[in-house]
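Chemist: full-length UniProt numbering puts the sequence shown at residues 1 to 71.
Think of the CB as a built atom: it goes at the ideal place given N, C-alpha and C, for glycine as much as any other residue.
Please read through the structure below; I'll follow up with questions.
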Amino acid sequence: MEKLSFKTNINCNNCIAKVKPFLNQVENIENWQVDINNADKILSVSGEEELTSTEVIEAVQKAGFKIEEVN
1 MEKLSFKTNI NCNNCIAKVK PFLNQVENIE NWQVDINNAD KILSVSGEEE
51 LTSTEVIEAV QKAGFKIEEV N
């Protein structure tokens, strides 16, 4: 299972609701969550081995949010 973390500007439950359909459309994502209490608004994504950070970044950007991968 692949686990990825991203710094975002998804900062409230309404923002999570806005990005949800975009992330749910990515086939290789099995689970995701945003820690809106963290100053960096960390998006944690887990999924199949084929999951790439590019897929996640594109989905979040389509929803209108900023995102960058955290190593």
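Leaving out the 5 sequence neighbours to the left and right, which residues in its chain are closer than 8 Å to Q25 when beta-carbon positions are compared?
Modeler: A59
Chemist: Looking only at C-alpha atoms, which of M1, K7, K3, V56 sits nearest to residue 75?
Modeler: Because the chain spans 1 through 71 in this model, residue 75 falls outside it and cannot be assessed.
Chemist: Flag this pair as yes or no: are the beta carbons of N14 and I36 separated by less than 7 Å?
Modeler: No, the Cβ-Cβ distance between N14 and I36 is not below 7 Å.
Chemist: What separation, rounded to the nearest whole angstrom, lies between the Cα atoms of N71 and F22?
Modeler: 23 Å
Chemist: Determine, using beta carbons only, whether S5 and S44 come nearer to each other than 7 Å.
Modeler: yes
Chemist: State yes or no: is the C-beta of V34 within less than 7 Å of the C-beta of I57?
Modeler: no
Chemist: Would the C-beta of K18 count as close to the ligand COA, meaning under 6 Å from any of its heavy atoms?
Modeler: In terms of ligand content, the structure shown is empty, and the ligand COA therefore cannot be addressed.
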